[in-house]
Structures are given as C-alpha cells and as structure tokens.
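Data first, discussion second: the structure below is written as structure tokens.
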Amino acid sequence: MSRSSAPLSRANPKSVLLWTTVAVVGAICWGVLALARGEEISAVWLVGAALGSYAIAYRFYSRFIVTRVLRPDDTRATPAERLEDGVDFQPTDRRVLLGHHFAAIAGAGPLVGPVLAVQMGYLPGTIWIVFGVIFAGAVQDMVVLFLSMRRDGKSLGQMARDEIGKVGGAAALIAVFVIMIILLAVLALVVVNALAHSPWGTFSVAMTIPIALFMGFYMHVIRPGRVLETSVIGVVLLLLAIVGGGWIENSSLADSFTLSPTTLVFCLVGYGFIASVLPVWMLLAPRDYLSTFMKIGTIVLLALGVLFAAPVLQADAVTDFASGGNGPVFAGSLFPFLFITIACGALSGFHSLVSSGTTPKLIEKESQVRMIGYGAMLMESFVAVMALIAASVLDPGLYYAMNAPAGLLGSSVESASQAVAGLGFTISPQELAAAAKAVEESTLVARTGGAPTLAVGMSQIFSDVIGGEGMKAFWYHFAIMFEALFILTTVDAGTRVGRFMLQDMLGNVWKPLGRVNWKPGIWLASALVVAGWGYFLYAGATDPLGGINQLFPLFGIANQLLAAIALTVATTLLIKSGRFRWAWVTGLPLAFTVAVTFTASWQKVFSPDPRVGFFAQRDRFADAIDAGTVLPPAKSMDDMHTIVTNSTVDGVLIILFVVLVTTVVANAAVVCVRALRSPTPPATTEAPYVESKLDVRPSKPMAGVRE
Numbered sequence: 000m001s002r003s004s005a006p007l008s009r010a011n012p013k014s015v016l017l018w019t020t021v022a023v024v025g026a027i028c029w030g031v032l033a034l035a036r037g038e039e040i041s042a043v044w045l046v047g048a049a050l051g052s053y054a055i056a057y058r059f060y061s062r063f064i065v066t067r068v069l070r071p072d073d074t075r076a077t078p079a080e081r082l083e084d085g086v087d088f089q090p091t092d093r094r095v096l097l098g099h100h101f102a103a104i105a106g107a108g109p110l111v112g113p114v115l116a117v118q119m120g121y122l123p124g125t126i127w128i129v130f131g132v133i134f135a136g137a138v139q140d141m142v143v144l145f146l147s148m149r150r151d152g153k154s155l156g157q158m159a160r161d162e163i164g165k166v167g168g169a170a171a172l173i174a175v176f177v178i179m180i181i182l183l184a185v186l187a188l189v190v191v192n193a194l195a196h197s198p199w200g201t202f203s204v205a206m207t208i209p210i211a212l213f214m215g216f217y218m219h220v221i222r223p224g225r226v227l228e229t230s231v232i233g234v235v236l237l238l239l240a241i242v243g244g245g246w247i248e249n250s251s252l253a254d255s256f257t258l259s260p261t262t263l264v265f266c267l268v269g270y271g272f273i274a275s276v277l278p279v280w281m282l283l284a285p286r287d288y289l290s291t292f293m294k295i296g297t298i299v300l301l302a303l304g305v306l307f308a309a310p311v312l313q314a315d316a317v318t319d320f321a322s323g324g325n326g327p328v329f330a331g332s333l334f335p336f337l338f339i340t341i342a343c344g345a346l347s348g349f350h351s352l353v354s355s356g357t358t359p360k361l362i363e364k365e366s367q368v369r370m371i372g373y374g375a376m377l378m379e380s381f382v383a384v385m386a387l388i389a390a391s392v393l394d395p396g397l398y399y400a401m402n403a404p405a406g407l408l409g410s411s412v413e414s415a416s417q418a419v420a421g422l423g424f425t426i427s428p429q430e431l432a433a434a435a436k437a438v439e440e441s442t443l444v445a446r447t448g449g450a451p452t453l454a455v456g457m458s459q460i461f462s463d464v465i466g467g468e469g470m471k472a473f474w475y476h477f478a479i480m481f482e483a484l485f486i487l488t489t490v491d492a493g494t495r496v497g498r499f500m501l502q503d504m505l506g507n508v509w510k511p512l513g514r515v516n517w518k519p520g521i522w523l524a525s526a527l528v529v530a531g532w533g534y535f536l537y538a539g540a541t542d543p544l545g546g547i548n549q550l551f552p553l554f555g556i557a558n559q560l561l562a563a564i565a566l567t568v569a570t571t572l573l574i575k576s577g578r579f580r581w582a583w584v585t586g587l588p589l590a591f592t593v594a595v596t597f598t599a600s601w602q603k604v605f606s607p608d609p610r611v612g613f614f615a616q617r618d619r620f621a622d623a624i625d626a627g628t629v630l631p632p633a634k635s636m637d638d639m640h641t642i643v644t645n646s647t648v649d650g651v652l653i654i655l656f657v658v659l660v661t662t663v664v665a666n667a668a669v670v671c672v673r674a675l676r677s678p679t680p681p682a683t684t685e686a687p688y689v690e691s692k693l694d695v696r697p698s699k700p701m702a703g704v705r706e
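Positions 0 to 706 (numbering that gives the first Met the number 0) are the ones given, in order, by the sequence shown.
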C-alpha cells in the first residue's frame, strides 16, 4: 500500500459515539469558562476543557499530520539503528524515550509562565496553552523530530545551514546557540534557587542519579528489555528517596545536604558535563524516564485533587491588567506579552533543540514521532494548565502579595497589605502572616518568579484532599522539591543537545570535531557548553544583578524567537520535499509567532514606558544617577550603574536576535520561492533509504504508515 494513498480507516458507530461525547463534553466545559460571569467557577471545568481538547487533537489532528504530511515509513531504518554507537545513537524503547523526551522538554516554562500569566486572568492563558499547543507547539516538536530523524539526527542549526544556505544557516547557528546558552543558564538558576539550603530537595534530587545509573545497567546489561520490571524498581526507589529526603531534613545529616547557591552551581556544572559525555543509556535516558514518573505522578495527583476538592477559581476570567498593560507582576498588554510569558506549555523554541538533539538519535521507528513528539508536548501543556489552576485558586490578595515586586510591596506584611489594597484587592497583614506560617516560611511577601506561588497553590489543593491545614507545610516543601527535579532534567538533556549543536558547528571548520562518536570532540564540546552556561549561572548566583540575572528578561522573547527559527526550517523543508500543499501546518504558526515575537521585541526596545522598554528603563535610571537618587530594585549607586548596563545589553541583544531571525526567515523565503519555481525537485540533505532490520511491533498500526 502506498504511504500517501492509504485510506483512513472507517469509523465504527462506537468510535463515532465516543468522540462525539468527548467533543460535546469539551465544548460544554469551554462554554462554562467563556460565558460565566459574576459567579463561582470550579477548576474542574478547566480540566475538562483541556483534556477534551487534547484527546480530540491527538486522535484527529496529529493523525492527519502524520498520515498526510509526514508519511513515516517503518520499513526505513532510523539513525538509532543505522548509526548505533552505544553512546549517542541507541534504539530505545518508545516508553523510555517518551519519558526521556518529556522530561527533557518540560522545564521551568510550564510551571512558572502560567502562574505569572494569571495576572491577566485564567481564560486568556488557558486558551493559549490549549490551542497554542495543539496547532503550534506539538506540531513544531513532532515535525522537527521527523525532519531531524530523516537527516541523521542533525541539530536545528545545522539543518538550517544545510537547507537554507550559508548566510541564513550561519545566522541560525549563531542565534540558536547563543539563545540556548541563555535558556540553560536561566533553567539552572531556577534549580539553584529551589535547592539552595534545602536538604530535603537536595538529597532527593541527588539520589535520582545513582538510581538512574542502576536502572540503565539493569535494562542494558542485567535484564535487557525489561522496561516494566525496571520501572517498578525505579519508582519504588524514587519514592524511598523522596521519603528519605524528609527524614534527612529533620536529622543530624541535614547539614551535609544543606548547600549554598555557589556550591550547587559547581555541582550542576559537573553533573551537566558527566551527563553529556556518558553513554545515553547509562544515565541520561533512565534518569529522565525516572523523573517522568515523578513529574506525571505529581501532576496526575494534582488533577485528581482538583476533581475531588473542586476548588473555585478565585482569579477573574479576564482582568483589567490584560488591556491596561499596567500589571504589577509584569508590564505590557495581553498581545503580545501573554504569549511571551507562557512559553513552554504552548510553544517553546527550546523543544526544537531536543527534537533535533537527543530524541532523533534514539527513536526506533518513524511512526513513533506521533506519540513522542506530539504526545509529550500535550503532556507538558497539561502541566501548564495545572500550574495555572494552582495559581488561580489562590486568593488574589495573596497572589499579588507574592508576585508584585518588593519595590511596590515593601518589606513588611503591613506595607504589602496596603500595596495590594492599592491594586484593588484585599488581604490583611494577619492573613499574610498566617499564610507564611502555614507553609513554614518566614514570609511570602514579594516571593516573585512564580515558583513559590505554584508551591503554595499545590499545597492548598493537596491539603484539601489529604491532611488538611496541618499538611500544608509538607506539601509546600514537596512542591519545591518537585519543581527542582522537574527543571533539572531539562538542564542535563539541554547540555547534551548543546554539545551536539556545537559539534555540528565546529564540524564545519574541522571535520573530526563534527563526529559525535569522537571522544576528544565530545569532551571539548561538552566542556565549552557547560562553561558557557556555568559562567552566567555562577555570576548570577553571586550577584543579584549580574550574570544570568542580567539576561533573565530575555528568556521569554529569546525562547519564542527560537521557535520562529524552528518553524521556518520546518516550513522550508516541507516545501523543498514537495509538500507545499501542507506547508500551512507549520507556516501558520510561524506567521503568528513572528508577529508575536517581533511586536514584543519592538516594544521591549522602543517603548517609552520604562517598565516595558529596555532603553527607556536605561534612560530613567541614568537620569536618576545624575540626580543622585537610588531607585528600586537598586540598593546603592553601584546597583544603579549595573541596571543601566543591563538594560543597554538586553536592548542590544534583542535587536541582534531579531536581525538574525529576520535573516533566517528572509533567506528561507528565497529558498522556498526557488524550490517552487524549479522544474526539478531541489536537492535536500535527507539520508538515503536503508531497510530496517529492527523488529519492533507497534501497539496499533496506523493507517497510511507503511510497515
């Protein structure tokens, strides 16, 4: 049967009834969320709307893309089979690979971004998270994974250079690598902040490393192929590590696991290097697979907690800050800054690096791109939905008391209460003090960044189901540890991806460095990558205004600009491979992403509002320096000069990134036009067909896929 002409299987009456029911239930949930005003809305409606949408999208839209656009061929050997070397290329069970891929892409974004976006209400964020992932984020991840797999697992930047040309490719390589270093340093900083002075979290996270090594050897050497058996052992050991962390925190060993931020920086750098150079089956894949049980298990428990407790959404559906752009959490109007704030969970450029990094070198059969690429991204989107719910069920007064800047709130519960009242919300000093005491924190005032808010929201939902008020502190610290584990898996996988990318780049200069199985090249590239993000991380951990803290404001825009590059490469390759009629699948999200990121970049550079524009902020602080005035968040005149420098650097970098992305898009447009006008199909770098000898039986063959 031809891959392109294979008919879709006929739907039976039971299937029609099932999916009609799912559609109706999902539509009802969306209707309640969108139309209800001035009445209490349960978070259950939000969960139902999201799950119903995901189910329909995976069943129909992802299947359409696979069967009509990508047309995978399971008789074709993947790079994991053809290039197997036991280090980077290794055919990996699809269940383990799904866990690795999900753990690698699910970082800080789906946990933090939705929490901050609640400032604009729960409805805009929910719509973008759900429909953004269906039509943009999951599509990007799956298509880039497929295209990289067809090109021997090449990195995104190298695919751009090979297919778009030297100018556009060079711009893509530079932009992708620089943005990736910034993203890794930001993610690592979140881990450091979460684990600093936390013996419970440090012990539990550290124990995942020896557990993962044991699992790797168990599946690869002791009991090859026993995935279920290994999973049971790993989960039991992980639960013991979590329980043991709580015991460690209250024992004489607590001091041994109470580490300072700088110590954690060196630990992370060392771990990142080791995870990058060891064979992928030994540490990285089993650790990410193990982490997935923790991640998914916690999110499923959170979802069940929402279903049982049915908490009411305290946040408004749409707030006044959405249109005014004067929110205390972050400045800017709904368009474009909602889409920049919620990155991972809807659309994330970082995911394209994983989809063209470790995963295409491990996948066994081409048809698995649907489950791993599209499915894992839907899972991450649900994480984002649950994070949004956790923030939305909090009292708005507490939410703004935690997320507004210290310069607005002051340092005491009394000043914070007054500041929140000025925003139109009410919370007494006694209530603020009680909220902090309930989770055993000295204060919750100005605990910005989103992570503490998520932990408080999770503790409230969990304690409503298990333990009551007396268990809030336990669940809060559990959530902090969960966040650190959640994000760390992105750092180690991202470092390995960075190594692949750097080797591809250096291979253009000297061929041996481009060979992913050449040990000196592996060690050199890994060292350079960890040194890059490690430098910014160390500077940020030692200076509140230095290092990665200087570049943190670039995180959201840089991540989405990276998505624009990924979608540009994907659209170009679809057109060059004769799939012009289906190029809209990635072309439409590309157009939207370019509109969002370029608008946001323009405003961040040229807005006269110092809360939005980098250069306006620079001018405001420069004028204050001339007047001898110290403005918050600066605490000294030296801090004032540092903020002026940071604002200037951020503005210049945004301009540089936009110029690079514009160069990539413009060169890609020229290539696409030439491909459409050419009487013969243009040359591509797709690897030649080699018949697969790997016997992997999919659970359910899909119509349109040759087997």
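Glycine included, every Cβ here is placed at the ideal spot set by N, Cα and C.
- Take P395, set aside five residues on each side of it, and the residues of its chain with a beta-carbon closer than 7 angstroms to its own are Q313, A314 and F424, in chain order.
- Within the model, the alpha-carbon separation for F63 versus L536 is close to 43 angstroms.
- Measuring C-alpha to C-alpha distances from V132 to each of K471, V111, S61 and T91 identifies S61 as the nearest.
- Separation of P404 and R58 (C-alpha to C-alpha, rounded to the nearest whole angstrom) is 43 angstroms.
- Boundaries of the alpha helix (DSSP H) around T662: M636 to R676.
- Here the alpha carbon of A170 sits roughly 16 angstroms from the alpha carbon of G348.
- With contacts defined by Cβ atoms closer than 9 angstroms, V455 and S410 do not form a contacting pair.
- Annotated three-state conformation of D87 is coil, per DSSP.
- Remark: C-beta atoms of Q616 and S635 do not approach each other more closely than 9 angstroms.
- Exclusion of the five residues before and after A274 leaves L282, L283, D491, T494 and R495 as the residues of its chain whose Cβ lies within less than 7 angstroms of its Cβ.
- In the three-state reduction of the DSSP assignment, S441 falls in the coil class, being assigned neither a helical nor a strand state.
- Going by beta carbons, I521 and V515 fall inside the 9 angstroms limit.
- The beta carbon of A435 lies closer than 7 angstroms to those of S441, T442 and L443 in the same chain, with the five residues before and after it left out.
- The Cβ atoms of Y121 and I388 sit closer than 9 angstroms to each other.
- Excluding five sequence positions before and after E690, the CB atoms of its chain that fall closer than 7 angstroms to its own CB belong to T74 and A76, given in chain order.
- The closest CA to that of L361, considering only L693, A420 and T641, is found on L693.
- The beta carbon of E685 sits closer than 8 angstroms to those of R149, R150 and S576, all from its chain and outside the five residues before and after it, given in chain order.
- Counting only the Cα atoms, R446 lies some 24 angstroms from G323.
- Secondary structure of V392 (DSSP, three-state): coil.
- Per DSSP, reduced to three states, the secondary structure at S355 is coil, with no helix or strand assignment.
- The beta-bridge partner set that DSSP reports for R75 consists of E690.
- The straight-line gap separating the alpha-carbon atoms of K603 and V175 is approximately 20 angstroms.
- Distances from the CA of I241 to each of L512, P519 and F477 were compared; the closest alpha carbon is that of F477.
- Annotation for N192: the continuous alpha helix (DSSP H) segment containing it runs K165 to L194.
- Assignment of alpha helix (DSSP H) within the segment 191–231, counting only whole runs of 4 or more residues, yields 198–216 in chain order.
- Its Cα nearest to that of L32, the residue W44 stands out among L50, W44 and I564.
- In the displayed model, S41 falls within a strand according to three-state DSSP.
- Note that the C-beta distance between G326 and V611 is not below 9 angstroms.
- The C-beta distance from S354 to L144 rounds to 4 angstroms, short enough to meet the 8 angstroms contact threshold.
- Assigned with DSSP and collapsed to three states, V455 falls in helix.
- When C-alpha distances from A450 are compared across D84, P113, S14 and L655, the shortest belongs to P113.
- Of the candidates W246, L237, V464 and E363, V464 places its Cα closest to the Cα of G304.
- Going by C-alpha positions, T598 is about 9 angstroms away from F336.
- Sequence-distant partners of E228 (beyond 5 residues in either direction) whose C-beta falls short of 7 angstroms from its own C-beta, in its chain, are R222.
- The bridge partners DSSP lists for V311 are S41.
- In this structure, the CA atom of E439 is about 31 angstroms from the CA atom of P209.
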